[in-house]
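K.L.:
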Amino acid sequence: MQNNTKRPQFRKPAEMPMSGPSAGGRLAQSGGTLHSYIAQQLGTSKNKDFLEDEDVRASILKHAEEAEKNPMYVAKAYMKTQPKPIFQEQDEEENEEDDEPVSKCLNLDD
Numbered sequence: 001m002q003n004n005t006k007r008p009q010f011r012k013p014a015e016m017p018m019s020g021p022s023a024g025g026r027l028a029q030s031g032g033t034l035h036s037y038i039a040q041q042l043g044t045s046k047n048k049d050f051l052e053d054e055d056v057r058a059s060i061l062k063h064a065e066e067a068e069k070n071p072m073y074v075a076k077a078y079m080k081t082q083p084k085p086i087f088q089e090q091d092e093e094e095n096e097e098d099d100e101p102v103s104k105c106l107n108l109d110d
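Taken in order, the sequence shown gives residues 1 to 110; the numbers are from full-length UniProt numbering.
1. What's the C-alpha gap between Val74 and Pro85?
2. Excluding the five sequence neighbours on either side, which residues of its own chain have a C-beta within less than 7 Å of the C-beta of Leu34, listed in chain order?
3. With DSSP collapsed to three states, give me the class of Ala77.
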């Protein structure tokens, strides 16, 4: 055994692994597995152009034409049964008094 006075780094115990946010100049572990590292790299590379664009609405709408021609999700299920979307019509003359809760309606029975 050697004397610990010659090697002072062995006097103190090793630092515990981090379990939380980065602190004290030490970085918390991220990308510890190959899968998490690849997912992080793919996510940042694919979203780089989207995140750099200031006009988010325009960047979403540039895909609208392709989405209309080639639906991938819900619209695909309705292509045969309902090719033209039918939405509920809103009545402009709808009485707003009918929307009040029963507890706030006037009692007209008296």
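The beta-carbon is built from N, C-alpha and C at its ideal position, and this holds for glycine as well.
P.N.:
Looking at the atomic coordinates:
1. Position 74 of the sequence shown, counted from the start, is the residue given in the question as residue 74. Position 85 of the sequence shown, counted from the start, is the residue given in the question as residue 85. In a straight line, the C-alpha of Val74 is about 12 Å away from that of Pro85.
2. Stepping through the sequence shown from its first residue, residue 34 is reached at position 34. There are no such residues.
3. The sequence position of residue 77 within the sequence shown is 77, counting from 1. Ala77: helix per DSSP, three-state reduction.
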